[in-house]
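> Quick one: structure below, then a few questions.
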Amino acid sequence: MNRMEVLIERRAETRHKTASFRAERILEDARKHGVEMRIIGSLAKHNFHLHSDVDLLMMGPLDPARRLFIERLVADHMRGTDIPYDLIFEADMTADRVQELLDGCV
């Protein structure tokens, strides 16, 4: 491996560790507030790369106040990481689409 490849690999490893740590803290904090969330996408499939984002699925019904709470919780945890994230709400999708996400088809 040349120096550039080593540098890219190190950055990818650091980014992956940061994404994993922050995502787990989000799930933990959400659980404390009675909210079920799941990590989906590349981070869940152990295929997280240098330019990957963190995909989170919020399970269950929600009202506007709960949606806002979750949006703030995730934003607070991801702030300062320079890692983009997608926050997806089960309530906004069909049951089939949710199952595809949970099965790792996406």
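According to the UniProt record's numbering, the residues represented by the sequence shown are 1 to 106, in order.
By construction, the Cβ of each residue, glycine as well, lies at the ideal position given by its N, Cα and C atoms.
1. Which residue or residues does DSSP assign as beta-bridge partners of ASP86?
2. State yes or no: is the C-beta of ALA12 within less than 7 Å of the C-beta of LEU43?
3. Am I right that MET78 and LEU57 are in contact with their C-beta atoms under 8 Å? What's the rounded C-beta distance?
4. Fully enclosed by the segment 2-89, which beta strand (DSSP E) runs are 3 residues long or longer?
5. Can you give the Cα-Cα distance for PRO61 and ARG15, rounded to whole angstroms?
6. Taking buried to mean at least 16 other C-beta atoms within 10 Å of its own C-beta, is PHE48 buried or exposed?
7. Would you kindly report the start and end of the unbroken alpha helix (DSSP H) that includes ALA95?
8. Hey, GLU90 and MET59: beta-carbon distance below 7 Å or not?
9. Would you mind working out which of TYR85, ALA95 and HIS33 sits nearest ARG66, comparing C-alpha positions?
10. Could you tell me if the beta carbon of ASP103 falls within a distance shorter than 6 Å of some heavy atom in the ligand ATP?
Here's the rundown:
1. ASP55
2. no
3. Actually they are not in contact, since the Cβ atoms of MET78 and LEU57 sit about 15 Å apart, beyond 8 Å.
4. 37-40, 54-58 and 85-89
5. 32 Å
6. buried
7. 95-103
8. yes
9. HIS33
10. In the structure shown, the ligand ATP is absent, as is every other ligand, since no ligand is present at all.
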